[in-house]
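Trainee: Residue numbers (my numbering), protein chains in the order written: chain A, 85 to 424; chain B, 2 to 291. Let me give you the structure first, and then I'll get to my questions.
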């Protein structure tokens, strides 16, 4: 039987663990802010770096969009390239065919993507995970073909170019401001998803991944929860497409392809499943390795994929999880007092 | 192009899809995982053989054997070196899915680095004169692909239904935990599933390459094709991929001919939604006697 002292010690440890679980991950947020500041300093060196940072922001939003349904709920959708394209084409179409502010296009794109994800989720709501993966990849392929073929609406293979600058309440963002705004947007969305992960809804969603029947029998409508996660993820991914298109001023069917979603699968897990900030780290690594390594440009994807395999072999739950475990081990070693 | 020629192409493409689908299905039945590396494995067999013949002036048959051997080695490495260690270290299914996706890219890009990024012609294995059917021509490569596909399906069905190792495949796939508890050789069954699937993928790639050519970037397209076959056919019976492959081949050939290049993509999506709504088990389901 445990002594009162031992019980108190155990209780204290448990309460610390509980606090760790229910309070926002401020340390990760601080690291994300420091990382963002470093990236901003790096981007200020050239326009090319700024383009890469904007693409990193877009990929990070796609990865964050995947995080909620894929990592938290365990539902694999493969249409995130299509959802990002919806956000991008929404911006392109509103800019080229109306005088509406582009922010309207961002909202419209998110709504369209969320609606598409809901319909696809409804079609497979009572079926196992791979049906969702199947129908979403078919949708992504069909959507890409539709973008290629419909010249009258989407501009066909040439896409839509010459998109006007982003303007909000009469204020037009400069290039530098766009980069800052993109980073801020990623931080806000990352923080929101981190809070969501720790909320009651997030805890339920994560339990659905492990024990869907238990959650269902405790009165939660699991199909509805899954649909919400899928719709939310699609809307966030569409913001990635809208961000990239608004920044670059053009979009083509090749911008967000089916190919991207297989790369995007890596992003949430590279950084780590324990926090959405891992997804942003994964996005940054993907962009650096596939697009910003001139010496290894032709084999960047090879290095990335081999790196992902090695990382999963070493730490199946991602880099940040491995770093966190190391930190705790080192911390325990440092604070442990010698016992008699 | 005449109607008969369209049907010849349909059968050819359908058989290729069917072999890829069968490879997917075997891994699914034996391990419960989708091996998304099937497409790159088919590509690597064909690209390796073509590279040896075209770039290294090697003889045809040793080159074909090298392509198959390379794919078998890679299949074993995927299971023993990647999937198994990762699944043993985590209770989540996601890392395994991501690892297989990473293998897909690693194989494609690795093939590009080793064999070059240019497309190469597939190797003609049989060289007799084409057979004329009405106003259409059936090439030796088509005949070989069709015959091999039929033989492969007969052999695999016989293996799964009649042999102890084939029945083990289904037993382990249905419930790996229970199979472990009662002492079935789960590890051996999983490796066998990956190896047989790799063999089928290699055959598919080698025999279809004379029609399509082969390049390192074909891997993803072929993976999606094989996956779609399983989606349409379902996972109920071994011969479902043959019917689903031929059906998809028909869509792939006839719809672009009469409508537009994208029509198969739209029809597939509508078909899948219809299947999932009304017949989610696919065209064929396993019937269990009460």
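Glycine included, C-beta positions come from ideal geometry on N, C-alpha and C.
Only counting the same chain, and skipping five residues up and downstream in sequence, which positions put a Cβ closer than 6 Å to that of residue 152 of chain A?
Mentor: 313, 316 and 317
Trainee: Buried or exposed for residue 36 of chain B, please, with buried defined as at least 16 other CB atoms from any protein chain shown within 10 angstroms of its CB.
Mentor: Counting Cβ neighbours within 10 Å, residue 36 of chain B comes out buried, since at least 16 surround it.
Trainee: Listing by chain order, which chain B residues have their CB less than 7 Å from the CB of residue 160 of chain A?
Mentor: Within chain B, the residues near residue 160 of chain A are 98.
Trainee: The stretch 296-316 of chain A: which residues have C-beta closer than 8 Å to a C-beta of chain B, in chain order?
Mentor: Listed by position, the residues of the stretch 296-316 of chain A near chain B (Cβ gap below 8 Å) amount to none.
Trainee: Would you say residue 417 of chain A lies against chain B (beta-carbon separation less than 8 Å)?
Mentor: no
Trainee: Should residue 351 of chain A and residue 370 of chain A be called a contact, given that it needs their Cβ atoms to be closer than 8 Å?
Mentor: Using a Cβ distance threshold of 8 Å, residue 351 of chain A and residue 370 of chain A count as a contacting pair.
Trainee: Is there a C-beta anywhere in chain A that falls below 8 Å from the one on residue 261 of chain B?
Mentor: It does: the Cβ of residue 261 of chain B has a partner Cβ on chain A nearer than 8 Å.
Trainee: Between which two residues does the alpha helix (DSSP H) containing residue 140 of chain A stretch?
Mentor: 131-150
Trainee: For the stretch 38-78 of chain B, list the alpha helix (DSSP H) runs that are entirely contained and at least 4 residues long, ordered along the chain.
Mentor: Entirely contained in the stretch 38-78 of chain B, the alpha helix (DSSP H) runs reaching 4 residues are, in chain order, 39-57 and 61-78.
Trainee: What does DSSP give as the partner residue(s) for residue 121 of chain B in the beta ladder?
Mentor: B/215
Trainee: Grouping DSSP H, G and I as helix and E and B as strand, with all else coil, what is residue 244 of chain A?
Mentor: strand
Trainee: Check residue 229 of chain B in the structure and name its three-state DSSP category.
Mentor: helix
Trainee: I'd like to know whether the C-beta atoms of residue 321 of chain A and residue 145 of chain A end up nearer to each other than 8 Å.
Mentor: yes
Trainee: Should residue 165 of chain B be labelled buried (16 or more other beta-carbon atoms within 10 Å of its own) or exposed?
Mentor: That one is exposed.
Trainee: Quick one, which residues of the stretch 137-153 of chain A are near chain B if we go by CB-CB under 7 Å, in chain order?
Mentor: none
Trainee: Which chain A residues sit within Cβ distance under 9 Å of residue 267 of chain B?
Mentor: Listed along chain A, the residues sitting closer than 9 Å to residue 267 of chain B by beta-carbon distance are 226, 229 and 230.
Trainee: Can you find a C-beta in chain A that's less than 8 Å from the C-beta of residue 106 of chain B?
Mentor: yes
Trainee: Secondary structure at residue 252 of chain A, three-state DSSP: helix, strand or coil?
Mentor: strand
Trainee: Use the C-beta contact count for residue 125 of chain B: other C-beta atoms within 10 angstroms, 16 or more gives buried, fewer gives exposed.
Mentor: exposed
Trainee: Would DSSP call residue 292 of chain B helix, strand or coil?
Mentor: Any question about residue 292 of chain B goes unanswered here, given that chain B covers just 2 to 291.
Trainee: On a CA-only basis, which of B/78, B/159 and B/109 is nearest residue 192 of chain B? Give me that one, please.
Mentor: B/78
Trainee: Please report whether the beta-carbon of residue 48 of chain B lies at a distance below 8 Å from any beta-carbon of chain A.
Mentor: no
Trainee: Tell me, please, whether the stretch 128-138 of chain B touches the stretch 244-258 of chain B by the rule of three or more beta-carbon pairs shorter than 8 Å.
Mentor: no
Trainee: Buried or exposed for residue 410 of chain A, going by 16 or more other Cβ atoms inside 10 Å?
Mentor: exposed
Trainee: Evaluate residue 259 of chain B with the Cβ neighbour count: other Cβ atoms within 10 Å of its Cβ, from every protein chain shown; 16 or more gives buried, anything less gives exposed.
Mentor: exposed
Trainee: Does DSSP put residue 239 of chain B in a helix, a strand or coil?
Mentor: coil
Trainee: Short check: CB of residue 199 of chain B to CB of residue 42 of chain B, under 8 Å?
Mentor: yes
Trainee: Check the Cβ of residue 6 of chain B against every Cβ in chain A and list those closer than 9 Å, keeping chain order.
Mentor: By Cβ distance, chain A contributes nothing, its closest Cβ being about 25 Å from residue 6 of chain B, past 9 Å.
Trainee: When we look at the beta-carbon of residue 134 of chain A and count the other beta-carbons within 10 Å, is it buried (16 or more) or exposed?
Mentor: buried
Trainee: Just the C-alpha distance for residue 46 of chain B and residue 172 of chain A, rounded to the nearest angstrom, thanks.
Mentor: Approximately 38 Å between the Cα atoms of the pair.
Trainee: Three or more beta-carbon pairs under 8 Å between the stretch 217-228 of chain B and the stretch 50-60 of chain B, yes or no?
Mentor: With the cut-off at 8 Å, the stretch 217-228 of chain B and the stretch 50-60 of chain B do not touch.
Trainee: Thinking C-beta only, is residue 87 of chain B closer than 8 Å to residue 224 of chain B?
Mentor: No Cβ-Cβ contact shorter than 8 Å links residue 224 of chain B with residue 87 of chain B.
Trainee: Please list the partners that residue 117 of chain B has in chain A, where partner means a Cβ-to-Cβ separation under 9 Å.
Mentor: Result: empty, since nearest Cβ-Cβ is about 11 Å, beyond 9 Å.
Trainee: Report the three-state DSSP secondary structure of residue 335 of chain A (helix, strand or coil).
Mentor: strand
Trainee: Using a Cβ-Cβ distance under 8 Å, would residue 116 of chain A count as near chain B?
Mentor: no
Trainee: Can you round the beta-carbon distance between residue 222 of chain A and residue 270 of chain B to whole angstroms, since I take them to be within the 8 Å contact cut?
Mentor: Under the criterion of beta carbons closer than 8 Å, residue 222 of chain A and residue 270 of chain B qualify as touching, at roughly 5 Å.
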